[in-house]
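Asks: Reminder that position 260 of the sequence shown reads as 312 in the working numbering, one-by-one numbering, no gaps. Quick one: the structure is below, and I'll ask about it shortly.
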Amino acid sequence: SLVVLFGATAGAYGAKLGSDERELILLVWQVVDLQNKKVGTLHKSLVKADNLDLSDQCREVSGLTPEGLGKAEPLDRVLQQFSQLVSSDLKVLGRSSYTLCSDGQLLIRQVLHPETSKKNFLLSDCFYSFYDLRKEFHTCYPSSAAVKDQTIKTMAEYLGLGTDEAEEDFGVWQVKTMVAIIFSMLSEGCNHVFTEPETVKHKYETGPCLLCLLFFFLCSSKSETVDSETVIRARGLPWQSSDQDIARFFKGLNIAKGGVALCLNSQGRRNGEALVRFVNSEQRDLALERHKHHMGSRYIEVYKATGEEFLKIAGGTSNEVAQFLSKENQVIIRMRGLPFTATQEDVLGFLGPECPVTGGKEGLLFVKYPDGRPTGDAFVLFSCEEYAQNALKKHKEILGKRYIELFRSTAAEVQQVLNRYMSTPLIPTLPTPIIPVIPPPYTIATGSVRDCVRLRGLPYTAGIDDILEFMGDATGDIKPHGVHMVLNQQGRPSGDAFIQMKSADKAFMVAQKCHKKMMKDRYVEVFQCSGEEMNFVLMGGTLNRSGLSPPPCKLPCLSPPAYAAFQTAAVIPAEAAALYQPQALLPSTRTPQASAAAPPTVTYYPAQAAQLYMNYTAYYPSPPVSPTTVGYIAAPPGAVAAAATAAHTPILPQPGALVRMQGLPYNTGMKEILSFFQGYQYAPDDYNGLIQLSDQARSVLQAPKEWVCL
53 SLVVLFGATA
63 GAYGAKLGSD
73 ERELILLVWQ
83 VVDLQNKKVG
93 TLHKSLVKAD
103 NLDLSDQCRE
113 VSGLTPEGLG
123 KAEPLDRVLQ
133 QFSQLVSSDL
143 KVLGRSSYTL
153 CSDGQLLIRQ
163 VLHPETSKKN
173 FLLSDCFYSF
183 YDLRKEFHTC
193 YPSSAAVKDQ
203 TIKTMAEYLG
213 LGTDEAEEDF
223 GVWQVKTMVA
233 IIFSMLSEGC
243 NHVFTEPETV
253 KHKYETGPCL
263 LCLLFFFLCS
273 SKSETVDSET
283 VIRARGLPWQ
293 SSDQDIARFF
303 KGLNIAKGGV
313 ALCLNSQGRR
323 NGEALVRFVN
333 SEQRDLALER
343 HKHHMGSRYI
353 EVYKATGEEF
363 LKIAGGTSNE
373 VAQFLSKENQ
383 VIIRMRGLPF
393 TATQEDVLGF
403 LGPECPVTGG
413 KEGLLFVKYP
423 DGRPTGDAFV
433 LFSCEEYAQN
443 ALKKHKEILG
453 KRYIELFRST
463 AAEVQQVLNR
473 YMSTPLIPTL
483 PTPIIPVIPP
493 PYTIATGSVR
503 DCVRLRGLPY
513 TAGIDDILEF
523 MGDATGDIKP
533 HGVHMVLNQQ
543 GRPSGDAFIQ
553 MKSADKAFMV
563 AQKCHKKMMK
573 DRYVEVFQCS
583 GEEMNFVLMG
593 GTLNRSGLSP
603 PPCKLPCLSP
613 PAYAAFQTAA
623 VIPAEAAALY
633 QPQALLPSTR
643 TPQASAAAPP
653 TVTYYPAQAA
663 QLYMNYTAYY
673 PSPPVSPTTV
683 GYIAAPPGAV
693 AAAATAAHTP
703 ILPQPGALVR
713 MQGLPYNTGM
723 KEILSFFQGY
733 QYAPDDYNGL
743 IQLSDQARSV
753 LQAPKEWVCL
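Here is the structure:
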């Protein structure tokens, strides 16, 4: 038997049914005995939606009103009545089993399953298998229109069947017409047999993607393993969402086994995106219709993606990982923050007997760097949801002296984390030589004369040229090299800038004229201030209504002994200076036409410098600086070598001969650094003249060669 089913929502109708997340408001059905060609009673049931605001299309097509729907039963009650009435009709017809038959797949996949999932009640098993009348019709009549172009009306017209749209209620004529179409397909000329119903997966299957494992063993056939027409990218996911949450968002659609790949950022944390692979392109197209549907209070964006992108995230890494993920139907938990000395026994003891790990030690996978050092991450397998839930209750409990974070994970995340760490080089390669350039030391005023102005609230994209345009005619009253952009601790614009004017009167006039003037889409505040106040802020202090706060490097408790802002610096000869144009210090932020508006006689960047200073030290702690004071430019190919050849001056070693150290304690000295590199051979003697060192530093570098590194 078939149960012919038709439904409508409070929103879109036809090909867009379910695409707007509107609730079901109508169900109409009738039982059809295929063997005896009999029918049961036709039933029509209104459904009370939580939101009774009907769309104009719904009102026009269905004729339903909010008042009529307000008296109806909610969806869960209607579905109970559906099961009872179908069972009663089957008994009358002498039948016992049935399969649903609907006009297309939208009602089942895009309306019923997503709505019941959001309302947290289960559909009966009959809603997980159904016949798509459009596909069955096209199979029976191959010369008819394509499946995607079929409607109840076009199928009836193809068979020459009439439809009484005006005389019958909405929903009733559709079901009656569908029953007539089915009987035509069962006639002697066709003898159609309903044999292969559409299926909806009850549960998302976790585990490794089979095609990803195939890709691991057959790397050369990458383009042949994953169909790009089956993959989507979901964006805007809550960071704590798991693969099961994503599968629930796509409830009603069939996701391939292991087809949810959560994307991670550069720190190994989830970035709110996921790649999802479906069993076929039809399911993928239905998933794209859920663009901007909601997961909780967040809307999720859904876009097309490629199979190559999916493999990049979920592709295999090693036999160890493949073996770990080969166990079927396992729940994966990720542990983060483990002590580097933690062993398998420590982890098993931490989890305890209430959440046994599948296979004991074999169910643990520690994530390591290529040289074998632990990263503090591990993945654990559990055989059932109960054990996994017990493990998650230990989130942020203490192991050793550290709290451990536990999260749900996926096979794709295991692959991605392993890919990330195993591809990390042991010693990062040195990039193209970067030369810190310090122009000649132009003096910044430090007196109490209020001949400076402070700009606050600048757009973060604003550059020097934007400030000059903002100043207008007053640019002629700015001192040479008098524009100072304030950067934050990350080296990004802070929205503040200071400008040195030629006199206090000029500064006063600028503050009066430009205060709260618009720059791009923001208004900028302009205040008159002194050189001393400007200098404090440029060195890392703060200036507010409470007065001046000194920069961190001025505080006695933070000031380290024997640390200067700049030590003796090596010098690039004058011949090398010609290789670097002053315009390279800062990128242009305006068009040539806009730049031409500035007076050509005023110079705001250092003129052709006679010498460029190589600075090998840094502020302690690192303060915000002005781009007109310190800039960074990339050395053109061969530039450094050409300069050294011309002046016979020692130069930096080739890329790969230097290492950069980050994260040093603030009280680290040269001896501690050299001790850290004990066991490594230092550079040849002909590099001794690279840096002009003090006698004390040179005496340290003359220690035994077997443990000194440059």
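Ideal placement from N, C-alpha and C gives every residue a C-beta, glycine not left out.
May I ask you to report which of helix, strand or coil DSSP gives residue 612?
Replies: Here residue 612 refers to the residue found at position 560 when the sequence shown is read from its first residue. Because the pLDDT at residue 612 is just 35, under 50, the model does not fix this residue reliably, and the point stays unresolved.
Asks: Who are the near neighbours of residue 242 in its chain, counting only those whose CB is closer than 6 Å to its CB and skipping five residues on each side?
Replies: Along the sequence shown, read from residue 1 onward, the residue named residue 242 stands at position 190. The residues are 192.
Asks: For residue 512, which residues in the same chain have their Cβ closer than 8 Å to its Cβ, ignoring the five residues on either side in sequence?
Replies: In the sequence shown, residue 512 corresponds to position 460, counting from 1. For residue 512, where only same-chain residues beyond five positions count, the Cβ hits under 8 Å are 544, 545 and 547.
Asks: Could you tell me the distance, in whole angstroms, from the CA atom of residue 88 to the CA atom of residue 239?
Replies: Position 36 of the sequence shown holds residue 88. Position 187 of the sequence shown holds residue 239. Between residue 88 and residue 239, the C-alpha separation is close to 12 Å.
Asks: On the CB-based measure, 16 or more other CB atoms within 10 Å of its CB, does residue 453 come out buried or exposed?
Replies: Residue numbering aside, residue 453 sits at position 401 when the sequence shown is read from its first letter. Under this definition residue 453 is an exposed residue.
Asks: Whose C-beta lies closer than 6 Å to the C-beta of residue 257 among residues of the same chain, with five residues either side of it excluded?
Replies: Position 205 of the sequence shown, counting from 1, holds the residue named residue 257. Only 309 meet the Cβ criterion.
Asks: Going by CA-CA distance only, name the one from 560, 578, 561 and 209 that's closest to residue 568.
Replies: Position 516 of the sequence shown, counted from the start, is the residue given in the question as residue 568. Out of 560, 578, 561 and 209, 578 has the C-alpha closest to the C-alpha of residue 568.
Asks: Buried or exposed for residue 101, going by 16 or more other Cβ atoms inside 10 Å?
Replies: As a working mapping, residue 101 is identified with position 49 in the sequence shown. Buried, since its Cβ has 16 or more Cβ neighbours within 10 Å.
Asks: Ignore the nearest five residues each way along the sequence and tell me which others in residue 281's own chain have a CB closer than 7 Å to its CB.
Replies: By 1-based counting over the sequence shown, the position of residue 281 is 229. Once the five neighbours on either side are set aside, the close Cβ partners of residue 281 are 333 and 336.
Asks: For residue 529, does the count of other Cβ atoms within 10 angstroms reach 16, so buried, or fall short, so exposed?
Replies: The count along the sequence shown starts at 1 and reaches residue 529 at position 477. Buried, since its Cβ has 16 or more Cβ neighbours within 10 Å.
Asks: With respect to the alpha helix (DSSP H) encompassing residue 562, which residues constitute its N-terminal and C-terminal limits?
Replies: Against the sequence shown, residue 562 aligns to sequence position 510. Residue 562 -> alpha helix (DSSP H) spans 556-566.
Asks: Return helix, strand or coil for residue 546, following the three-state DSSP convention.
Replies: Here residue 546 corresponds to residue number 494 of the sequence shown, with the count starting at 1. Note: residue 546 maps to strand in three-state DSSP.
Asks: What does the alpha-carbon distance come out to for the pair residue 608 and residue 713?
Replies: Within the sequence shown, numbered from 1, the residue matching residue 608 stands at position 556. Within the sequence shown, numbered from 1, the residue matching residue 713 stands at position 661. Bear in mind that a pLDDT of 39 at residue 608, under 50, signals an unreliable position, so the number given afterwards is only what the model happens to contain. Cα-Cα distance, rounded: 26 Å.
Asks: With distance defined between alpha-carbon atoms, name the residue in 406, 472, 408 and 519 nearest to residue 429.
Replies: Position 377 of the sequence shown, counted from the start, is the residue given in the question as residue 429. Residue 472 is the option with its Cα nearest to residue 429.
Asks: Who are the Cβ neighbours of residue 716 in its own chain at under 8 Å, not counting the five residues just before and after it?
Replies: What you label residue 716 is simply residue 664 of the sequence shown in a count that begins at 1. Excluding residues up to 5 positions away in sequence, 725 lie with their Cβ nearer than 8 Å to the Cβ of residue 716 in the same chain.
Asks: Applying the criterion that 16 or more other CB atoms from any shown protein chain within 10 Å of the CB defines a buried residue, is residue 456 buried or exposed?
Replies: For the purposes of this step, residue 456 is identified with residue 404 of the sequence shown, where counting begins at 1. Residue 456 should be labelled buried.
Asks: For residue 445, count the other beta carbons within 10 Å of its own beta carbon; 16 or more makes it buried, fewer makes it exposed. Which is it?
Replies: If you number the sequence shown from 1, residue 445 lands on position 393. Exposed is the call here.
Asks: Which first and last residues belong to the beta strand (DSSP E) in which residue 418 is found?
Replies: Walking along the sequence shown from the start, residue 418 turns up at place 366. Residue 418 -> beta strand (DSSP E) spans 416-420.
Asks: Could you compute how far the alpha carbon of residue 175 sits from the alpha carbon of residue 313?
Replies: As a first step, residue 175 must be located in the sequence shown, where it is residue number 123. As a first step, residue 313 must be located in the sequence shown, where it is residue number 261. In a straight line, the C-alpha of residue 175 is about 27 Å away from that of residue 313.
Asks: When you compare the stretch 158-176 with the stretch 193-212, are there three or more beta-carbon pairs, one atom per stretch, that lie closer than 8 Å?
Replies: Cβ pair count under 8 Å is below three, so no.
Asks: Going by DSSP in three states, residue 91 sits in which element: helix, strand or coil?
Replies: Against the sequence shown, residue 91 aligns to sequence position 39. Correct three-state label for residue 91: strand.
Asks: Would you say residue 340 and residue 376 are within 8 Å of each other, going by their C-beta atoms?
Replies: As a first step, residue 340 is located in the sequence shown; it is residue number 288 there, counting from the start. As a first step, residue 376 is located in the sequence shown; it is residue number 324 there, counting from the start. Their beta carbons are not under 8 Å apart, which means residue 340 does not touch residue 376 by this criterion.
Asks: Which class does residue 227 belong to by DSSP, given the choice of helix, strand or coil?
Replies: The sequence position of residue 227 within the sequence shown is 175, counting from 1. The answer is helix: DSSP assigns residue 227 an H, G or I state.
Asks: Please report the residue range of the beta strand (DSSP E) in which residue 292 lies.
Replies: Here residue 292 refers to the residue found at position 240 of the sequence shown. Taken as a continuous stretch (DSSP letters only), residue 292 belongs to no beta strand (DSSP E), as it is neither H nor E.
Asks: Based on DSSP bridge pairs, tell me the residues matched to residue 61.
Replies: As a working mapping, residue 61 is identified with position 9 in the sequence shown. Answer by DSSP bridge pairing, in chain order: 76.
Asks: Distance, Cα to Cα, residue 533 vs residue 576?
Replies: Stepping through the sequence shown from its first residue, residue 533 is reached at position 481. Stepping through the sequence shown from its first residue, residue 576 is reached at position 524. When rounded, the distance between both Cα atoms is 21 Å.
Asks: Between which residues of its own chain and residue 210 is the CB-CB distance below 6 Å, once the five residues before and five after are set aside?
Replies: Indexing the sequence shown from 1 puts residue 210 at position 158. Once the five neighbours on either side are set aside, the close Cβ partners of residue 210 are 196.
Asks: Would residue 350 be called buried (16 or more neighbouring beta carbons within 10 Å of its own) or exposed?
Replies: Numbered from 1 along the sequence shown, position 298 holds the residue referred to as residue 350. Result: exposed.
Asks: My output table needs one value for residue 465: the three-state DSSP class, helix, strand or coil.
Replies: In the sequence shown, counting from the first residue as 1, residue 465 sits at position 413. In this structure, residue 465 counts as helix in the three-state DSSP scheme.
Asks: Which residue marks the beginning of the alpha helix (DSSP H) containing residue 196, and which one marks its end?
Replies: On the sequence shown, residue 196 is found 144 positions in, with the first residue counted as 1. Element bounds for residue 196: n/a, residue is neither H nor E.
Asks: Using the Cα positions of residue 189 and residue 91, report the straight-line distance between them to the nearest angstrom.
Replies: For the purposes of this step, residue 189 is taken as residue 137 along the sequence shown, with counting starting at 1. For the purposes of this step, residue 91 is taken as residue 39 along the sequence shown, with counting starting at 1. Cα to Cα, the separation comes out at about 19 Å.
Asks: Quick check on DSSP: helix, strand or coil for residue 372?
Replies: Residue mapping note: residue 372 aligns to position 320 of the sequence shown, counting from 1. Of the three classes helix, strand and coil, the one that applies to residue 372 here is helix, per DSSP.
Asks: Give the secondary structure of residue 481 by DSSP, where H, G and I count as helix, E and B as strand, and everything else as coil.
Replies: Within the sequence shown, the letter at position 429 stands for residue 481. Here residue 481 scores only 44 on pLDDT, less than 50, and its place in the model is too uncertain to base an answer on.
Asks: Cβ atoms of residue 549 and residue 31: under 8 Å apart, would you say?
Replies: The requested residue 31 is not part of the displayed model; the chain covers only 53 to 762.
Asks: Just to confirm, is the Cβ distance from residue 251 to residue 181 under 8 Å?
Replies: Residue numbering aside, residue 251 sits at position 199 when the sequence shown is read from its first letter. Residue numbering aside, residue 181 sits at position 129 when the sequence shown is read from its first letter. Yes.
Asks: Identify whether residue 311 lies in helix, strand or coil by the three-state DSSP scheme.
Replies: Within the sequence shown, residue 311 is the residue found at index 259, counting from 1. Residue 311: strand per DSSP, three-state reduction.
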